[in-house]
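In my numbering, the protein residues as written are 20 to 217. All C-beta atoms, glycine included, are put in the ideal place defined by N, C-alpha and C. This one's a predicted model, so the numbers in the text were calculated from it and none came from an experiment.
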């Protein structure tokens, strides 16, 4: 099953070594790979990369000699905060995309108890048009984590963080916000694109 990697790293100094490492990852996976920096705390960066499967990433690329060489050069500067593999294909429809062209990307991590997954899924499907249509057309993409039960990741594009905050004050959010009834916890951070390699 194809998955999208979302890794959150904490960096002391974003260096040329990181870019070289991401270039190697993009070559290995033969897919688009992007780096974003968190707005709330710029010491956090995200790597967004596509893989044929979790196994290709974790069992082939991660232990590979080339990746280990790259990581050895970065280990003093980077710390892995967390990593998720998101199944964006299963729950997405044709008009949902990762917002690569948006100046700001909201990255939401929603934790849902097993007994609430169905309710969350149907409520999200019924109300996501409020998010997609707020202030015009925007790209969103979301899916369940393949390696973390009950965790849903949502990407949404915005012109600015303040625009996202204004959605939370809107009439549409009253409907979309019903997803909170099914959540154990959630975290939303904002990021800017640093670079993308194809």
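Item                                                                                                                     : Value
6 Å Cβ shell around residue 50 - same chain, five flanking residues per side excluded                                    : 69
Stretch pair the region 53-65 + the region 206-214: three plus CB contacts closer than 8 Å                               : yes
Spatial neighbours of residue 44 in its chain, beta-carbon cut-off 8 Å, leaving aside the 5 residues before and after    : 52, 66, 68, 80, 86
Runs of beta strand (DSSP E) lying entirely within the region 97-181, each at least 3 residues, in chain order           : 97-106, 123-131, 159-164, 170-177
Exposure of residue 162, with buried meaning 16 or more beta-carbon neighbours within 10 Å                               : buried
Cβ contact (3+ pairs, closer than 8 Å) linking the region 139-149 and the region 191-204                                 : yes
Range covered by the alpha helix (DSSP H) that runs through residue 84                                                   : 84-93
Cα-Cα separation between residue 22 and residue 48, rounded to whole angstroms                                           : 11 Å
Nonlocal neighbours in the same chain, by C-beta distance under 7 Å from residue 164, ignoring five residues either side : 103, 104, 105, 170, 172
Cβ separation of residue 89 and residue 154, assumed to be a contact under 8 Å, to the nearest whole Å                   : That pair is no contact at about 40 Å.
For residue 22, three-class secondary structure by DSSP                                                                  : strand
Three-state class that DSSP yields for residue 210 in the structure shown                                                : strand
Beta-carbon separation (whole angstroms), residue 36 vs residue 93, contact threshold 8 Å                                : 5 Å
Distance, residue 128 Cα to residue 205 Cα                                                                               : 6 Å
Pairwise C-alpha distance: residue 187 and residue 135                                                                   : 23 Å
Beta strand (DSSP E) segments (min. 3 residues) lying fully within the region 41-78                                      : 52-57, 63-70
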